[in-house]
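Here's the structure, in structure tokens; my notes come after.
In the numbering used here, the protein residues as written are 3 to 672.
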């Protein structure tokens, strides 16, 4: 490779096109992190130039703006020479926007010669242009071309490119006309920087002199280290993968995209056709948003590609973000051969597979709560784990093809049951990566028509404490005897369990509790807020309140020993499942610590939940027990409701046993 430090005039004056490969990422630079620092460097260098000129200094120290790596491409006779930008496209594109803004300022000032000098760094001469886009010295990736052209023609849209152009146009005009270099800077509470420092010489200069100095700075004092690769000796792809983009770090999905399209190019495939058919849909803004994963946040496209890579990798386990790119490289090499001579059919199949799995993950994440996958994804979100996703995505990508929907749904029930039962029993989650990798490996060896059975039996065969699927007796015991409000670690998990029980009691034909926003439409997904029915959010409520001593006193006349035992028993009961229910936020604040008669009347008139009406205000009945409405049944219901005041321990025990039976139905085990 050849490295030189050059001014923008040396880089851009010649007739040339610097093209950004379509498979590189879109423009991502932003105002605070990139545009302001660049503008500050330019203004302060311009002021230094004007100060040196005023003092008679012959030369001004240049300012270095980083590096650009490019590779010369073979051009046909009569075509403009073309350089493919390997790294530095964000910087080169931004400088073009700044130059275009400066040209507009020169034109507005009536300085046509100055505008022409800048124009030679932006556009090639008309007589050397064959295609309309050949006029631009820098030509961005497909997704940015329309916005770039509009900005360069002083008609910016609302994209990041358009915003960047408007930013520089306002800054240039402010500096040239009034020596205002930092207008519009919003430093925030932790930054007292007021914008670029403007020299006395710049402040006292005329508009024409400031513009002339700015143009000279841009043309001759801004220096870039240009690294030109030799196609015969340098591997552009390896260099791209080694470099981190200056200003904004490359995401794993950026590296994957570049690698895949470079592989396609070497294989002789049409990158434009592959982009349009497979990758364009993955550039939707939805994929650039972030999701919470544990304590971190990751871009959705990174997540989706990571789940696919884990499902496609022989290891089958979750792929850490740091290893995502190398994992995809391994898969690509195994599926389509070495990078030096990739198999075209293998590359094409790989593109199709990635696109299919990524869009399948989007459908899963956005599925309606009324579907099996929607409920599963919502509950998985509350459990705060993604370890089953490679397995789930692998199955979902084949549903209605090789995998019957009934088998897919059976597998989801088993995976959910496995996770819920282990959480309720207080068993560790640290081996889930290994567990679900093994389940996926077994599922891949099974007839797809029986994948639900394969997943279920794989989980049922586990016997070690670190991985076993709790039996019915253990799950039931944990639900009735253990403090689930504390054991499940967070209220959202307890709420999720209660919501699932409520939905089961309602039955399949009745309006279900559903997460707000996400699971009610195809465009959104769970955000972790409370569930809703008819637009109301629910929270977890203790029937016997935590501060029970005031309004729920221990019966009088007990011995000290019996009083102490009853007090301890009530404190032990507080966080058990039998004492937990769902209420709206408003109800929660009004009735939490009320005496039972007040709370009972309020629930009777204001709460329509089955968890309330059928298991608190009435004798709880399991899923196999038919509810009667005769006088005897009504009397039994009243007696049970009275029990909360006289013997809350008995009420909690009976209700807990009933809810445990419903839980066994919702989360079965073979």
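Quick reminder that beta carbons are idealized off the backbone N, C-alpha and C, glycines included.
Query raised in the report: Pick from 257, 450 and 355: whose alpha carbon is nearest that of residue 279?
Result: The shortest C-alpha separation from residue 279 is found at 355.
**Report entry** Contacts around residue 595, its chain only, beta-carbon distance under 6 angstroms, and the 5 residues preceding and following it disregarded
**Finding:** Non-local C-beta neighbours of residue 595 in its own chain, meaning closer than 6 angstroms and more than five positions away in sequence, comprise 547 and 549, ordered along the chain.
**Report entry** For residue 540, the residue or residues it bridges with in DSSP
**Finding:** Residue pairing by DSSP places residue 540 opposite 586 in a beta bridge.
Requested in this report: Could you tell me whether the region 264-275 touches the region 335-347, where touching means 3 or more Cβ pairs closer than 8 angstroms?
Outcome: Here the region 264-275 lies against the region 335-347, with 3 or more beta-carbon pairs under 8 angstroms apart.
Query raised in the report: Are residue 327 and residue 23 closer than 9 angstroms when you measure CB to CB?
Result: No, the Cβ-Cβ distance between residue 327 and residue 23 is not below 9 angstroms.
Query raised in the report: Pairing CB atoms from the region 649-665 with CB atoms from the region 618-634, are three or more of them under 8 angstroms?
Result: Counting Cβ pairs under 8 angstroms, three or more are found: they touch.
Query raised in the report: Excluding the five sequence neighbours on either side, which residues of its own chain have a C-beta within less than 7 angstroms of the C-beta of residue 219, listed in chain order?
Result: Hits under 7 angstroms: 44, 47, 48 and 51.
Query raised in the report: residue 1: buried (16+ other C-beta within 10 angstroms of its C-beta) or exposed?
Result: For the chain, the structure presents residues 3 to 672; residue 1 sits outside this window and is missing.
Query - Cα-Cα separation between residue 541 and residue 584, rounded to whole angstroms - result: When rounded, the distance between both Cα atoms is 6 angstroms.
Report task. Could you round the C-beta distance between residue 688 and residue 254 to whole angstroms and report it? I think they count as a contact, below 8 angstroms. Result -> Nothing can be reported for residue 688, as the shown portion of the chain is limited to 3 through 672.
Report task. Please determine, among 288, 404 and 342, the residue with the shortest C-alpha to C-alpha distance to residue 446. Result -> Minimum Cα distance to residue 446 is reached at 404.
Query - Proximity of residue 100 and residue 41 at Cβ, strictly below 9 angstroms - result: Between residue 100 and residue 41, the C-beta spacing is below 9 angstroms.
Report task. Taking residue 139 and residue 125 to be in contact with their CB atoms under 8 angstroms, please state how far apart those CB atoms are, rounded to whole angstroms. Result -> So it is a contact: roughly 7 angstroms between Cβ atoms.
Requested in this report: Please determine, among 303, 296 and 329, the residue with the shortest C-alpha to C-alpha distance to residue 312.
Outcome: Of 303, 296 and 329, the residue nearest in Cα terms is 329.
Query raised in the report: DSSP three-state call for residue 301: helix, strand or coil?
Result: Strand, per DSSP.
Requested in this report: Look at the alpha carbon of residue 669 and the alpha carbon of residue 154, and state the distance between them as a whole number of angstroms.
Outcome: Those two C-alpha atoms are separated by around 60 angstroms.
Query raised in the report: Are residue 508 and residue 652 closer than 9 angstroms when you measure CB to CB?
Result: Taking 9 angstroms as the cut-off, the beta carbon of residue 508 is found no closer than this to the beta carbon of residue 652.
Report task. Give every residue of the same chain whose Cβ lies closer than 8 angstroms to the Cβ of residue 335, excluding the five residues on either side of it in the sequence, and list them in chain order. Result -> If the five residues before and after residue 335 are omitted, its C-beta is found closer than 8 angstroms to the C-beta atoms of 341, all from its own chain and listed in chain order.
Query raised in the report: Exposed or buried, what is residue 533 when buried is set at 16 or more other beta-carbons lying within 10 Å of its beta-carbon?
Result: In this predicted model, residue 533 has a pLDDT of only 40, less than 50, meaning its place in the structure is not dependable; the value taken from the coordinates is given anyway. Around the CB of residue 533, 16 or more other CB atoms lie within 10 Å, so the residue is classed as buried.
Query raised in the report: Anyone know if the C-beta pair for residue 106 and residue 88 falls short of 9 angstroms?
Result: Remark: C-beta atoms of residue 106 and residue 88 do not approach each other more closely than 9 angstroms.
Requested in this report: Please report how far the alpha carbon of residue 526 lies from the alpha carbon of residue 301, in whole angstroms.
Outcome: Low confidence applies to residue 526: its pLDDT is 41, below 50, so where it sits in the model is not reliable enough to give any reading.
Query raised in the report: I think residue 178 touches residue 209, with their Cβ atoms under 8 angstroms apart; what is that distance to the nearest whole Å?
Result: Yes, residue 178 and residue 209 are in contact; Cβ-Cβ is about 6 angstroms, under 8 angstroms.
Query raised in the report: Start and end of the beta strand (DSSP E) containing residue 85?
Result: For residue 85, the enclosing beta strand (DSSP E) has its first and last residue at 84-89.
Query raised in the report: Three-state secondary structure (DSSP) at residue 27?
Result: Residue 27 sits in coil when the DSSP states are folded into three classes, being neither helix nor strand.
Query - Whole-angstrom distance between residue 586 and residue 536, CA atom to CA atom - result: Since pLDDT at residue 536 reaches only 40, below the 50 mark, its modelled position is unreliable, and no value is offered.
Report task. Enumerate in chain order the residues of its own chain whose CB-to-CB distance from residue 181 is below 7 angstroms, with the five nearest sequence positions on each side excluded. Result -> Answer for residue 181: 200, 204, 205 and 212, listed in chain order.
Query raised in the report: How many Å lie between residue 531 and residue 412 at the Cα?
Result: Its pLDDT being 35, under 50, residue 531 is placed unreliably by the model, and the measurement read from it follows with that caveat. Approximately 27 angstroms, taken between the alpha carbons.
Query raised in the report: Would you call residue 424 buried or exposed, if buried means 16 or more other Cβ atoms sit within 10 Å of its Cβ?
Result: Buried, since its Cβ has 16 or more Cβ neighbours within 10 Å.
Report task. Quick one: measure Cβ to Cβ for residue 498 and residue 381, integer angstroms, because I've assumed they're closer than 8 angstroms. Result -> Right, the Cβ-Cβ distance comes to about 5 angstroms (below 8 angstroms), so this counts as a contact.
Report task. Give, in chain order, every unbroken run of the alpha helix (DSSP H) that is at least 4 residues long and sits entirely within the region 599-648. Result -> Secondary structure in the region 599-648: the alpha helix (DSSP H) runs of 4 residues or longer, each lying completely within the stretch, are 612-615 and 633-648 in chain order.
**Report entry** Opening and closing residue of the beta strand (DSSP E) in which residue 124 lies
**Finding:** Per DSSP, residue 124 belongs to no beta strand (DSSP E) and is neither H nor E.
Report task. Would you check if the region 422-437 and the region 469-480 touch, i.e. whether three or more CB-CB distances between them fall below 8 angstroms? Result -> A contact exists between the region 469-480 and the region 422-437.
Query raised in the report: Who are the Cβ neighbours of residue 604 in its own chain at under 6 angstroms, not counting the five residues just before and after it?
Result: 593.
Report task. List the residues that DSSP assigns as beta-bridge partners of residue 361. Result -> In the DSSP assignment, no residue is bridged to residue 361.
**Report entry** Exposure of residue 16, with buried meaning 16 or more beta-carbon neighbours within 10 Å
**Finding:** Exposed, because fewer than 16 other Cβ atoms sit within 10 Å of the Cβ of residue 16.
Query raised in the report: Using 9 angstroms as the limit for Cβ to Cβ distance, is residue 430 near chain B?
Result: Considering every chain present, this structure includes no chain B. It has just one protein chain.
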